[in-house]
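Presented below is the structure to which this report refers.
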């Protein structure tokens, strides 16, 4: 596989470049080791769902940030009781012992109360109460910040959402906490996020999977072309700084016939060579080559990093997609520069 790279200036305009692919033999990928690290300023963000998985099984050495999914707002500007709070406490403890940050992701999807966010945003007193309650949640669980995952505000709610984000950002940043925002890869839904929102958040998780909910839905799943188009929209049209652009990749596949989702771990159990392809038994997903292409080009272009939905869908050992992503961008601990960017080794 060859990667055609131009100058950083050119990449900041087009950002994600096409690459030529050829048939390759997938080589054994070493397990994450202590001799390597992620490049400085390159994030590896993984979502950890509250309803599954074990914090003890996460490879924290390959991550910089984890988003706990989810905390669900109520119309009263409070929160539903957290699912498995002890699991969150364990995750925070283990993550912090590896110098990994943990954010709580605030869910605004229809799976919970779809009226909560709109109601909170409509009344300034509720907005302020919700900001205060969010800060309390962060403090209670010793979290490092907040991830906003409202899918999605209506155009009529853009101003209220921007006001909320600004107020929350000020409060979090005053305490040294961080704020991220989950967005789609579709201009139809993302236009609601005002420029001020992009300025107030520390980074943006671009959900470049399921190919924009188009037809055929999720097929091919999160193609390289779709990722490139998503980044071009956010960086060229919306002028998002590359350092804030976190490209989302899936650790699951979609079946062509009925859009059914299957974890990569389950796909691999049915096909031991699934890492070497992007399709298997009717499912489309991201294998090693596609993930490595996304990761390498993003790192070389000084992009902000990668986001994963979600960590508990991965396989283990040398078949791990997380391990493959880490391997694609890793640098020896003695080097300070991103891969593909020339520089001096660290002194001492």
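Numbering (the numbering used here), first residue to last: 758 to 1105.
Even for Gly, the Cβ is constructed at its ideal location relative to N, Cα and C.
Since the model is a prediction, treat every value here as computed from it, not as a measurement.
Counting the other CB atoms within 10 Å of its CB gives residue 884 a total of 16 or more, which places it among the buried residues.
Nearest Cα to residue 997 within the set 977, 879, 1084, 959: 959. When rounded, the separation of the alpha-carbon atoms in residue 878 and residue 938 is 16 angstroms.
Annotation for residue 831: 837, 870, 873 place their beta carbon closer than 8 angstroms to its own, counting only its chain and skipping 5 residues before and after. Secondary structure of residue 895 (DSSP, three-state): helix. In this structure, the CA atom of residue 1076 is about 36 angstroms from the CA atom of residue 945. Judged by DSSP secondary structure, residue 981 falls outside any beta strand (DSSP E) and instead within the alpha helix (DSSP H) spanning 981-989. Straight-line measurement puts the Cα of residue 882 at about 43 angstroms from the Cα of residue 1010.
Counting the other Cβ atoms within 10 Å of the Cβ of residue 1020 gives 16 or more, which makes it buried. The C-alpha of residue 1048 is placed about 16 angstroms away from the C-alpha of residue 1030.
Residue 820 holds the alpha-carbon nearest to the alpha-carbon of residue 855 among 892, 788, 797, 820. Check the Cα spacing between residue 892 and each of 863, 1078, 962: the tightest is with 863. With contacts defined as CB atoms closer than 8 angstroms, residue 901 and residue 934 qualify as a contacting pair.
Burial is judged here by how many other beta carbons sit within 10 angstroms of a residue's own beta carbon; residue 1066 has at least 16 and is buried. By the Cβ-count criterion, residue 916 is exposed, with fewer than 16 other Cβ atoms from all chains shown falling within 10 Å of its own Cβ. Residue 1068 holds the alpha-carbon nearest to the alpha-carbon of residue 811 among 1068, 1007, 887, 1089. In the three-state DSSP reduction, residue 840 falls in the coil class, being neither helix nor strand.
Within the same chain, 1063, 1082, 1085, 1086 come within 7 angstroms of residue 1052 by CB-CB distance, once the 5 residues on both sides are set aside.
Distance from the Cα of residue 903 is smallest, within the candidate group 829, 953, 1017, 914, for 829.
Note on geometry: alpha-carbon atoms of residue 926 and residue 990 lie some 24 angstroms from one another. For residue 1011, the enclosing beta strand (DSSP E) stretches over residues 1009-1012. Residue 1073 counts as exposed, since fewer than 16 other beta carbons sit within 10 angstroms of its beta carbon.
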